[in-house]
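Below is one structure, written out as structure tokens, with a few remarks after it.
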Amino acid sequence: MLELRLVQGSLLKKVLEAIKDLVTDANFDCSATGFSLQAMDSSHVALVALLLRSEGFEHYRCDRNISMGMNLNNMSKMLKCAGNDDIITIKGDDGSDTITFMFESPTQDKIADFEMKLMDIDSEHLGIPEAEYHAIVRMPSAEFSRICKDLSSIGDTVVISVTKEGVKFSTRGDIGAANIVLRQNTTVDKPEEATIIEMNEPVSLTFALRYMNSFTKATPLSSMVTISLSSELPVVVEYKIAEMGYVRFYLAPKIEE
Amino acid sequence: KGVQLIITEFYRST
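Protein sequence lines correspond, in order, to chains A and B.
Following the working numbering, the numbering of the first sequence begins with 1 at its first residue and continues without gaps.
Following the working numbering, the numbering of the second sequence begins with 1 at its first residue and continues without gaps.
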């Protein structure tokens, strides 16, 4: 028996919009810790890890650890039927091949349930150890989204370099080249407008912009994004979900031939 | 323009 009641149902809607273009089918895992997912894109270049902690739900009942295979496009279709202010409850019965999403309007005058078929997904689960990163950049998520979009009109890849000068996003394409440098800026009115650069060592890595742009679909989840870089590791682009957890995207770098 | 690495080259199956 599974029953997860999320008062801020819009969070789940936003999570699905953030990941459904990157991953088609995925297993959602439910345990005492929370509702989570780990999945790679079809080419195994990017990985998404989601955690919605059990404490973030108004009611969280998960009698035993369970993994439920879902088609994210179908799940998104159903969640789009929930209002932005609706309370969403996810319900499942042991051994059932379906899951139910219940949507309640804030005034309780409309209650809908949508039953979705589950699927068997044979997916590989990866262990991602805690790592020391050479540089961690915290910046407004809308600014990161803007940079990725702007650069992708010039080139296909972005070089992200962190030095003591700041963080530089560079691209090059048939029509020319572009460089965008952000300096640390903590003298802003609101903390969510700050750019904070922690650097242990200078680092420079190249990534496919197509994936970066896909990650920025998570922008509505958080006003800030954290980009963690290390020369031997995939970049981690993290959007924190207030009070609940996170969506983290891991992207393997491109290297010189 | 370079070789695209894949995630499974970095992290192991559990």
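Think of the CB as a built atom: it goes at the ideal place given N, C-alpha and C, for glycine as much as any other residue.
Bear in mind that the values here come from a model prediction, so they are computed numbers and not experimental data.
Asked: Three-way DSSP call (helix, strand, coil) for I19(A) in this model; Found: helix
Asked: Closest Cα partner of E232(A) within the set Y250(A), I241(A), T226(A), P220(A); Found: Y250(A)
Asked: For D156(A) and G173(A), the rounded distance between their alpha carbons; Found: 7 Å
Asked: Pairwise C-alpha distance: L4(A) and G245(A); Found: 15 Å
Asked: Interface partners of G127(A) on chain B, CB under 9 Å; Found: Y11, R12, S13, T14
Asked: Backbone secondary structure at R210(A) - three-state DSSP; Found: helix
Asked: Close Cβ partners of P140(A) (< 7 Å) along its chain, the five nearest in sequence each way excluded; Found: E192, E193, S223, M224
Asked: Bridge-paired residues (DSSP) for D41(A); Found: According to DSSP, which records beta bridges pairwise, D41(A) is partnered with nothing at all.
Asked: Within chain B, the residues that L233(A) reaches when beta carbons sit closer than 7 Å; Found: F10
Asked: Separation of D94(A) from I121(A), as counted between CA atoms; Found: 17 Å
Asked: Length of the line joining the Cα atoms of V203(A) and H44(A); Found: 24 Å
Asked: Listed by chain order, chain B residues near K168(A) by CB distance under 9 Å; Found: Those do not exist, as K168(A) stays about 18 Å from chain B at its closest Cβ, beyond 9 Å.
Asked: L47(A): contacting residues in chain B (beta-carbon distance under 8 Å); Found: I7, Y11
Asked: Contiguous beta strand (DSSP E) assignments of at least 3 residues, all confined to the region 137-174 of chain A; Found: 157-163, 166-173
Asked: Option nearest G56(A) by Cα separation, candidates T89(A), K117(A), I66(A), N213(A); Found: T89(A)
Asked: Neighbour-count burial assignment, V158(A), 16 or more Cβ in a 10 Å radius; Found: buried
Asked: For N27(A), the first and last residue of its enclosing beta strand (DSSP E); Found: 25-30
Asked: Any chain B beta carbon closer than 8 Å to D134(A); Found: The question names Asp, but residue 134(A) is His in the sequence shown. So, not an interface residue.
Asked: Nearest residue (CA-CA) to L51(A), options S161(A), S105(A), C30(A), M70(A); Found: C30(A)
Asked: Straight-line Cα distance separating K20(A) from S123(A); Found: 16 Å
Asked: Beta-carbon proximity check, M116(A) vs N74(A), cutoff 8 Å; Found: yes
Asked: Contact under 8 Å by Cβ, F101(A) with M78(A); Found: yes
Asked: Against chain B: residues of the region 171-183 of chain A by CB proximity under 8 Å; Found: none
Asked: Distance, T8(B) Cα to V48(A) Cα; Found: 13 Å
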